[in-house]
């Protein structure tokens, strides 16, 4: 793997890797996504840091800091019965060790204390700070020894620092006691140590009965953690002055001798080289695993969208069917009666008996073609048409669609990202948004009807005596068709028009306007209205699709992730 800028790789990747949480691998994706950027940063950092990191980790009250002090041969980290005593990580490193150069964790502030200023007064550290106590021991020039905060610290920042510094470890020294070894948080780290197969030492501290160590290892083995016997050490309980007592204990001295024999100065370079190769392989495996899991999430998301389409189509069909059923036989009869009235009043084969201003103006009031003063009446007419629209069926369909999405498509796991996304208030269309969308569709139908009228009326000769009646008749029929469709009669409009107009065809109606053109207009109106109704559902459906798309990792970020394998 290529060497990369550790500072740049820590956070952006973790923010970009996302998943909706539709597969069992959701938790693993989240875990890898959180750890991978840090692991990449650590990998880069360690390439230029030829030092062996020995990191003490453990829970509260296990005596971790006491063992750290005994290992270093001086009381560097504060200890005591009050817990916790380590408020921030403390490192023991050679004065020439450039720990801060390219340090992979920007949230941790490094402070150094020169060896000449190091006193016998133990340090407690402070949250968010990594205190490096310098020394000039040449035999330890290639070592960095770290006492981390408690894994189960009440301070979240300290818990995270302990986990982060573990990632820097070449050798993890896990410290526990017979009371604490099964505690949840330290136990999880012990599991990770075992799974990653990194070098470690397991120290059971404060042992009062030598049989305890066998009981602990058997218990851990039954829970899937098999400890290598040569890496398990038991340190007896210290009756007083733990630092001095443990430092002189044969078991502890044997542990130190074993560690330095296994990781002697002569072996460090070769060991670090092998560690680096293993680290690169592990990162590739981890990245490939993440890509594999995300591919499954992507396929699951595609299937989810397909199921969403099925639900939307089903609800849309039910809405159209309901609209058809709402247009009753009485409405059909009304439509035919109104059309016959229009033909009777505008039949040009019989001379107009009366020129009634209202009859002349009525078809124009809705859309206002006569003069500028009619434009306001046109707007009032539009409002009247809108008032006739019953929004309830569409609103109920949206509610039903939303309910079905939650019932059939929401993950059952409440920790899933999609579970929370589907319940965000802004995801659902409001009544105001539904009304506005329907009105937009109606406005488009009106505009189309206006244009259609203009085209049709061009074929009616105005110079003829009956021209004005013909255009009035045409406009009246079109408006009546529009209102019929809006009222839900989009499936009977064609038959109703045919039944109503047919008796007049032989009386010269064909000469007045294109009879078949009106039928085509009515059919197109019905089609456009149905599409308008369905478009509201489609808009809600699109919001759901956009919702899940925000939880899918963008292609360019996947490419960047794959490129990190090179």
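Residue numbers (this note's numbering): 225 to 790. Glycine residues also receive a C-beta, built at the ideal position from the N, C-alpha and C atoms. Because the structure is a prediction, the values reported are computed rather than measured.
Would you call the stretch 318 to 331 in contact with the stretch 348 to 365, where contact means no fewer than 3 C-beta pairs closer than 8 Å? The stretch 318 to 331, when compared against the stretch 348 to 365, does touch it at the 8 Å Cβ threshold.
Whole runs of the beta strand (DSSP E) within the stretch 356 to 419, excluding any shorter than 3 residues: Taking only runs of at least 3 residues, the beta strand (DSSP E) segments lying wholly in the stretch 356 to 419 are 367 to 371, 395 to 401.
Where residue 429 sits in the DSSP three-state scheme: Walking along the chain shown from the start, residue 429 turns up at place 205. The answer is strand: DSSP assigns residue 429 an E or B state.
Contacts around residue 440, its chain only, beta-carbon distance under 7 Å, and the 5 residues preceding and following it disregarded: For the purposes of this step, residue 440 is taken as the residue at position 216 of the chain shown. Setting aside the 5 residues that flank it on each side, residue 440 is surrounded in the same chain by 402, 405, 428, each with a C-beta closer than 7 Å to its C-beta; the list follows chain order.
Burial state of residue 509 (16 or more Cβ within 10 Å): In the chain shown, residue 509 corresponds to position 285, counting from 1. With fewer than 16 other Cβ atoms within 10 Å, it is exposed.
Within 8 Å, do at least three Cβ pairs link the stretch 384 to 392 to the stretch 252 to 268? A contact exists between the stretch 252 to 268 and the stretch 384 to 392.
Using a threshold of 8 Å, state whether the C-beta atoms of residue 535 and residue 436 are closer than that. Taking the first residue of the chain shown as 1, we reach residue 535 at position 311. Taking the first residue of the chain shown as 1, we reach residue 436 at position 212. Not closer than 8 Å, so no.
Where residue 830 falls: helix, strand or coil (DSSP): Because the chain spans 225 through 790 in this model, residue 830 falls outside it and cannot be assessed.
Between which two residues does the alpha helix (DSSP H) carrying residue 625 extend? Residue 625 sits at position 401 when you count from the first residue of the chain shown. Per DSSP, residue 625 belongs to the alpha helix (DSSP H) from 616 to 633.
Distance, Cα to Cα, residue 468 vs residue 294? As a working note, residue 468 is residue 244 in the chain shown. As a working note, residue 294 is residue 70 in the chain shown. Residue 468 and residue 294: Cα-Cα distance of roughly 7 Å.
From 247, 337, 277, 400, pick the residue whose C-alpha is nearest to that of residue 289; which is it? Here the question's residue 289 lines up with position 65 in the chain shown. Per the Cα distances, 400.
Check the DSSP bridge columns for residue 456 and list the partner residues they point to. Looking up residue 456 in the chain shown gives position 232. Per DSSP, 426.
Here's the rule I'm using: 16 or more other beta-carbon atoms within 10 Å means buried, otherwise exposed. How should residue 372 be labelled? Against the chain shown, residue 372 aligns to sequence position 148. Its Cβ being crowded by 16 or more others within 10 Å, residue 372 is buried.
Return the CA-CA distance between residue 434 and residue 783, expressed in angstroms with no decimal places. Residue 434 sits at position 210 when you count from the first residue of the chain shown. Residue 783 sits at position 559 when you count from the first residue of the chain shown. Per the coordinates, the alpha-carbon of residue 434 lies some 55 Å from the alpha-carbon of residue 783.
So if DSSP puts residue 280 in a beta bridge, which residue, or which two residues, is it bridged to? Locating residue 280 in the chain shown gives position 56, where the first residue counts as 1. Residue pairing for residue 280: DSSP places it in a beta bridge opposite 371, 397.
Starting from residue 314, trace the beta strand (DSSP E) both ways and give me its first and last residue. Counting from 1 along the chain shown, the entry for residue 314 is found at position 90. Boundaries of the beta strand (DSSP E) harbouring residue 314: 314 to 318, taken from the DSSP string.
Validate contact between the stretch 642 to 650 and the stretch 747 to 764 using beta carbons, cut 8 Å, 3 pairs: Output reads no: the stretch 747 to 764 does not touch the stretch 642 to 650.
So which of 337, 754, 638 has the shortest CA-CA distance to residue 666? Counted from its first residue, the chain shown places residue 666 at position 442. With distances taken between Cα atoms, residue 666 lies closest to 754.
Buried or exposed by the 16-neighbour rule on C-beta atoms within 10 Å, applied to residue 178: Any question about residue 178 goes unanswered here, given that the chain covers just 225 to 790.
Taking the alpha carbon of residue 787 as the point to measure from, which residue in 515, 247, 394 has its own alpha carbon closest? On the chain shown, residue 787 is found 563 positions in, with the first residue counted as 1. It is 515 whose Cα lies nearest to the Cα of residue 787.
From what residue to what residue does the alpha helix (DSSP H) around residue 468 run? Position 244 of the chain shown, counted from the start, is the residue given in the question as residue 468. From DSSP, the alpha helix (DSSP H) with residue 468 extends over 466 to 471.
State the DSSP-derived secondary structure class of residue 261, mapped to helix, strand or coil. The residue labelled residue 261 in the question sits at position 37 within the chain shown. Residue 261 falls in the helix class under three-state DSSP.
Among the residues of its own chain, which have a CB less than 6 Å from the CB of residue 298, if the five just before and after it don't count? Working through the chain shown from its first residue, we reach residue 298 at position 74. Closer than 6 Å at the Cβ level, and outside the excluded window around residue 298, lies no residue.
Strand pairing of residue 337, partner residues [DSSP]: Counting from 1 along the chain shown, the entry for residue 337 is found at position 113. 357, per the DSSP bridge assignment.
Compare the C-alpha of residue 656 against each of 668, 615, 640, 634 and name the closest. Working through the chain shown from its first residue, we reach residue 656 at position 432. Nearest to residue 656 by C-alpha distance, out of 668, 615, 640, 634, is 615.
Hey, how far is the Cα of residue 778 from the Cα of residue 525? What you label residue 778 is simply residue 554 of the chain shown in a count that begins at 1. What you label residue 525 is simply residue 301 of the chain shown in a count that begins at 1. Going by the C-alpha atoms only, they are around 13 Å apart.
Beta-carbon separation (whole angstroms), residue 247 vs residue 472, contact threshold 8 Å: Position 23 of the chain shown, counting from 1, holds the residue named residue 247. Position 248 of the chain shown, counting from 1, holds the residue named residue 472. The pair is not a contact, with the Cβ atoms about 55 Å apart (cut-off 8 Å).
Below 8 Å on the Cβ atoms is my contact criterion, and I expect residue 663 with residue 752 to pass it. Report the Cβ-Cβ distance as a whole number of Å. One-based indexing of the chain shown puts residue 663 at position 439. One-based indexing of the chain shown puts residue 752 at position 528. That belief does not hold up - the Cβ atoms of residue 663 and residue 752 are roughly 14 Å apart, past 8 Å.
Could you say which of 452, 444, 274 lies nearest to residue 422 if we only look at CA atoms? Taking the first residue of the chain shown as position 1, residue 422 is located at position 198. The shortest Cα separation from residue 422 among 452, 444, 274 belongs to 452.
Applying the 10 Å Cβ sphere with the 16-neighbour rule, what's the burial state of residue 239? Along the chain shown, one-based indexing puts residue 239 at 15. Result: exposed.
Buried or exposed: which applies to residue 547, given that a residue is buried once 16 or more other Cβ atoms fall within 10 Å of its Cβ? Along the chain shown, one-based indexing puts residue 547 at 323. Under this definition residue 547 is a buried residue.
Counting along the chain, where does the alpha helix (DSSP H) carrying residue 485 start and finish? What you label residue 485 is simply residue 261 of the chain shown in a count that begins at 1. Residue 485 -> alpha helix (DSSP H) spans 474 to 486.
Unbroken alpha helix (DSSP H) run spanning residue 643, endpoints: Looking up residue 643 in the chain shown gives position 419. It spans 641 to 645 - the alpha helix (DSSP H) in which residue 643 sits, taken as one unbroken run.
According to the Cβ coordinates, are residue 203 and residue 757 closer than 8 Å? An answer regarding residue 203 cannot be provided, because it is not within the stretch 225 to 790 covered by the chain.
Buried or exposed: which applies to residue 774, given that a residue is buried once 16 or more other Cβ atoms fall within 10 Å of its Cβ? Translated into the one-based positions of the chain shown, residue 774 becomes position 550. By the 10 Å Cβ count, residue 774 comes out exposed.
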